[in-house]
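Its first residue numbered 123, the sequence shown is counted upward by one per residue in our numbering.
First comes the structure, then the notes that go with it.
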Amino acid sequence: MHLLDTLLNVDQQAYIEFCNEKNRPWCPNGSISIFTYEQGEWALKQVPLTADEYRQKYDPKTVHFCFLRHGETKFNAQERMQGVCDAPLTVTGIAQAEESRDALRSIHFDQCISSDLGRTLATAEILCKGRNILIREEKRLWEVNFGCLEGTKISEDKENIFRRFRTSDYTDVGGENMDMVMARIRPCLREVIDAAEDGDRIMLVSHGNVYMILLQKLFGISFDEVIAGSKKDGFNPIPNCGIFSFSWNTEKGFILDSLMVSAADFAKGKKILLK
123 MHLLDTLLNV DQQAYIEFCN EKNRPWCPNG SISIFTYEQG EWALKQVPLT ADEYRQKYDP
183 KTVHFCFLRH GETKFNAQER MQGVCDAPLT VTGIAQAEES RDALRSIHFD QCISSDLGRT
243 LATAEILCKG RNILIREEKR LWEVNFGCLE GTKISEDKEN IFRRFRTSDY TDVGGENMDM
303 VMARIRPCLR EVIDAAEDGD RIMLVSHGNV YMILLQKLFG ISFDEVIAGS KKDGFNPIPN
363 CGIFSFSWNT EKGFILDSLM VSAADFAKGK KILLK
């Protein structure tokens with residue numbers, strides 16, 4: 123604000139009145155301003171903008187995301203809670219990853235970002251075989267921490283576990299809740315978007331509960347809505363190596379393309395949007 127008045131020859135009081143009329147801060151925290159020095163003259167080119175305002179004006183873009191759940195693991199086959207503990211892919215899980223790789227073969231990806239848990243990295247390596255892209259390992263894409271319920275057979279505490287699936291709250295057993303998961307995933311997505319070029323396509327390899335949380339937090343679709351829709355229309359709500367498609371646009375924000383579908387349905391061009 124001092125520079126506006128003393129260096130950049132801006133009428134500070136007029137600027138303050140302008141901001142007050144618009145009900146906006148004079149200089150938002152983290153804001154971006156642009157000024158120049160040419161032929162001995164200083165000049166303000168852009169009043170302070172928030173990061174989102176700056177993106178809309180100077181960096182408009184659309185970024186496409188293809189989110190895949192990992193292939194079946196031994197814990198999945200045993201119907202055990204997995205979370206941040208890990209189990210290797212089964213033969214079926216490997217085949218699922220290969221099927222998804224083939225379904226995506228004609229689509230160009232600019233980068234692949236995977237949770238660095240073993241099952242997701244193994245899936246990502248299969249998905250990216252034959253592609254000239256490196257797999258970036260990202261801890262923030264980890265599955266929800268289920269606390270002391272990890273390793274538990276779902277059948278041993280079915281009612282309690284399914285109640286927790288709906289709310290994604292495991293804080294009372296030493297794990298995470300939905301807000302804690304989004305606190306790590308949202309800035310990860312933000313960094314990916316800011317670094318991407320317009321039109322880039324990003325492959326994300328992550329986990330089933332992360333997918334359900336993204337649906338609720340980004341698109342307002344609850345666990346119960348997905349389950350009800352899957353029963354009504356006869357689709358698997360969270361298939362191993364299923365493919366979930368969404369985009370981010372500077373003006374519109376996050377845009378849902380399709381709920382998660384199996385590799386076979388994706389290859390047929392099937393999309394699922396709840397009515």
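Note that CB positions come from ideal geometry on N, CA and C, so glycine has one too.
Excluding the five sequence neighbours on either side, which residues of its own chain have a C-beta within less than 6 Å of the C-beta of residue i, listed in chain order?
i      : result
LEU303 : One point to set straight first is that residue 303 is Val, not Leu, in the sequence displayed. Only VAL266 and ILE335 meet the Cβ criterion.
GLN338 : SER344
ALA209 : THR195, LYS196 and PHE197
MET300 : SER290 and ILE335
Applying the 10 Å Cβ sphere with the 16-neighbour rule, what's the burial state of residue i?
i      : result
LEU381 : buried
THR289 : exposed
VAL213 : exposed
TYR180 : exposed
ASP387 : buried
PHE284 : exposed
ARG227 : exposed
GLN204 : buried
TRP264 : buried
GLY215 : buried
ALA136 : exposed
THR405 : Because residue 405 is not part of the residues shown, which for the chain are 123 to 397, the question remains open.
THR128 : exposed
ALA318 : buried
ILE453 : Since the first residue of the chain shown is 123 and the last is 397, residue 453 is not available in this structure.
GLY252 : exposed
Excluding the 5 residues preceding and the 5 following residue i in the sequence, name in chain order all residues of the same chain whose CB lies nearer than 8 Å to its CB.
i      : result
GLU247 : ILE257
THR184 : ASP320, GLY321, SER369, TRP370, ASN371 and THR372
With a cut-off of 8 Å, does the C-beta of residue i fall near any C-beta of chain D?
i      : result
LEU226 : The displayed structure is made up of one protein chain only, and chain D is not part of it.
Taking DSSP's pairing of strands, which residues face residue i in a bridge?
i      : result
TYR159 : TRP164
TRP370 : VAL185 and PHE376
GLN233 : ILE324
ILE255 : According to DSSP, which records beta bridges pairwise, ILE255 is partnered with nothing at all.
ASN299 : ASP291
ARG191 : SER328
ILE154 : LEU171
ILE365 : LEU190 and VAL383
LYS275 : ARG202
LEU211 : THR195
Quick check: what's the CA-CA separation for residue i versus residue j?
i      : j      : result
ASN145 : ASP174 : 17 Å
PRO147 : CYS141 : 6 Å
LEU395 : ASP346 : 15 Å
LEU125 : ASN131 : 8 Å
LYS113 : GLN178 : Absent from the model: residue 113. The displayed extent of the chain is 123 to 397, so no value can be given.
ASN254 : VAL332 : 27 Å
THR172 : ASP224 : 42 Å
GLN134 : TYR176 : 21 Å
GLY269 : ILE377 : 32 Å
THR242 : GLN168 : 44 Å
LEU211 : ASP355 : 29 Å
ASP379 : LYS393 : 8 Å
ASP291 : LEU271 : 12 Å
ILE349 : PHE287 : 11 Å
LYS277 : GLU201 : Contrary to the premise, residue 277 reads as Ser rather than Lys in this sequence. Cα to Cα, the separation comes out at about 8 Å.
VAL206 : ALA165 : 53 Å
GLY240 : GLY193 : 11 Å
Quick one: residues in its chain with C-beta nearer than 7 Å to the C-beta of residue i, no 5 flanking neighbours on either side, listed in chain order?
i      : result
ARG306 : ARG262
CYS149 : MET123 and PRO170
SER384 : ASN358, PRO361 and GLY364
GLU260 : ILE235, SER236, SER237, ASP238 and CYS310
Practice prompt. State whether the stretch 364–380 contacts the stretch 186–202, with contact taken as three or more CB pairs (one from each stretch) at a distance under 8 Å.
Written response: With the rule of 3 Cβ pairs closer than 8 Å, the stretch 364–380 counts as touching the stretch 186–202.
Item to complete: Check whether the stretch 203–220 touches the stretch 309–318, taking contact to mean three or more Cβ pairs, one atom from each stretch, closer than 8 Å.
Response: Not touching, per the Cβ criterion.
Discussion item. Using 8 Å as the cut-off, can you tell me whether the stretch 292–300 makes contact with the stretch 151–165, which would need three or more C-beta pairs spanning the two stretches below that distance?
Written reply: No, the stretch 292–300 is not in contact with the stretch 151–165.
Worksheet item: How do the stretch 226–245 and the stretch 314–328 stand: do at least 3 beta-carbon pairs fall below 8 Å, yes or no?
Response: Flag = yes, the stretch 226–245 and the stretch 314–328 touch.
Worksheet item: If we count Cβ pairs, one from each stretch, closer than 8 Å, do we get three or more for the stretch 340–354 versus the stretch 142–155?
Response: Touching, no, given that fewer than three Cβ pairs across the two stretches are closer than 8 Å.
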